[in-house]
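Enquirer: Below: one structure in structure tokens.
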Amino acid sequence: GESVGLHLPTLSVQEGDNSIINCAYSNSASDYFIWYKQESGKGPQFIIDIRSNMDKRQGQRVTVLLNKTVKHLSLQIAATQPGDSAVYFCAEAPQGGSEKLVFGKGTKLTVNP
Amino acid sequence: NAGVMQNPRHLVRRRGQEARLRCSPMKGHSHVYWYRQLPEEGLKFMVYLQKENIIDESGMPKERFSAEFPKEGPSILRIQQVVRGDSAAYFCASSPQGTKETQYFGPGTRLLVL
Chain B
5 GESVGLHLPT LSVQEGDNSI INCAYSNSAS DYFIWYKQES GKGPQFIIDI
55 RSNMDKRQGQ RVTVLLNKTV KHLSLQIAAT QPGDSAVYFC AEAPQGGSEK
105 LVFGKGTKLT VNP
Chain R
3 NAGVMQNPRH LVRRRGQEAR LRCSPMKGHS HVYWYRQLPE EGLKFMVYLQ
53 KENIIDESGM PKERFSAEFP KEGPSILRIQ QVVRGDSAAY FCASSPQGTK
103 ETQYFGPGTR LLVL
């Protein structure tokens with residue numbers, strides 16, 4: 005069935021360290037993946053996306069890696085800053101049909117100064 | 003360029019009342035999605051609309067919930083005869099084309115049913 009999950013519900017890092025947030029998905033037919041950041045009391049904010057024909061995509065301080073063999077997605081944040089503290093969600097869009105996104109439960113990232 | 007706008011930001015209703023949530027998509031976007039989020043959980047898809055059409059309502063409860071996106075004006079998510087279990091944050095997202103395009107989210111409406 006369609007489900008997206010995360011390995012760790014919380015992650016605590018020191019300012020300046022790199023952060024890695026993981027996500028497992030079960031629908032091998034999904035062909036589009038997005039990472040969102042959600043701060044307390046706010047809506048999800050787009051960070052980066054990747055399509056299934058790619059293994060890696062880089063943005064500003066962020067990198068998304070997609071391993072289709074083991075159905076795993078990760079978000080790497082370089083030089084983590086206090087402003088990066090938030091809940092991070094991965095979402096997948098199943099191939100074909102509706103454009104709905106299936107979200108995981110989220111990982112809460114805390115950056116310690 | 004204004005982002006996705008939602009109002010009200012907070013809504014308090016008593017059991018049995020109606021709740022109306024509004025969403026104005028980003029300029030140039032004609033595809034709207036509604037999601038619901040319970041505390042400490044991810045977002046759950048409810049409904050996907052284009053102008054004047056419901057494309058996918060597979061995530062929306064069959065009773066008491068309805069959604070529309072008229073030719074003019076915002077998209078409306080309507081919840082009739084609210085119950086305490088309807089208390090949640092409701093987020094609207096929009097995209098320009100709707101075909102595996104990034105969905106941009108609004109700030110949400112937090113509904114509290116007393």
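Residue numbers (our numbering), protein chains in the order written: chain B, 5 to 117; chain R, 3 to 116. Ideal Cβ positions, reconstructed from N, Cα and C, are used throughout, including at glycine. Given the structure is predicted, the values throughout are model-derived calculations rather than measurements.
Quick one: residues in its chain with C-beta nearer than 6 angstroms to the C-beta of B/Leu-79, no 5 flanking neighbours on either side, listed in chain order?
Expert: Once the five neighbours on either side are set aside, the close Cβ partners of B/Leu-79 are Ile-25, Trp-39, Val-68.
Enquirer: Does the CB of B/Leu-70 have a neighbour CB from chain R at under 8 angstroms?
Expert: So, not an interface residue.
Enquirer: Report yes or no: is there a C-beta of chain R within less than 8 angstroms of the C-beta of B/Phe-93?
Expert: Yes, B/Phe-93 counts as interfacial toward chain R.
Enquirer: Please classify R/Gly-44: is it buried, with 16 or more other beta-carbons within 10 angstroms of its beta-carbon, or exposed?
Expert: Counting Cβ neighbours within 10 Å, R/Gly-44 comes out buried, since at least 16 surround it.
Enquirer: Rounded C-beta distance between R/Glu-20 and R/Arg-80? I'm assuming under 8 angstroms.
Expert: Indeed they touch by this definition, with Cβ atoms about 7 angstroms apart.
Enquirer: Does DSSP put B/Pro-98 in a helix, a strand or coil?
Expert: If DSSP states are grouped into helix, strand and coil, B/Pro-98 belongs with the strands.
Enquirer: Grouping DSSP H, G and I as helix and E and B as strand, with all else coil, what is B/Asp-88?
Expert: DSSP places B/Asp-88 in helix when its eight states are reduced to three.
Enquirer: Applying a beta-carbon distance threshold of less than 8 angstroms, which residues of chain B neighbour R/Thr-104?
Expert: Correct list: Ile-38, Phe-50, Asp-53.
Enquirer: How big is the Cα-Cα spacing for B/Thr-14 and B/Lys-41?
Expert: When rounded, the distance between both Cα atoms is 14 angstroms.
Enquirer: For my contact list, B/Thr-84 and B/Asn-22 are in at a C-beta cut-off of 8 angstroms; report their separation, rounded to the angstrom.
Expert: Right, their Cβ atoms sit about 7 angstroms apart.
Enquirer: Drop a sphere of 10 angstroms on the beta-carbon of B/Asn-73, count the other beta-carbons inside from all chains shown, and report buried for 16 or more, exposed for fewer.
Expert: Sequence inspection shows Thr at residue 73 of chain B; the Asn mentioned does not correspond to that position. When all chains shown are included, B/Thr-73 counts as exposed.
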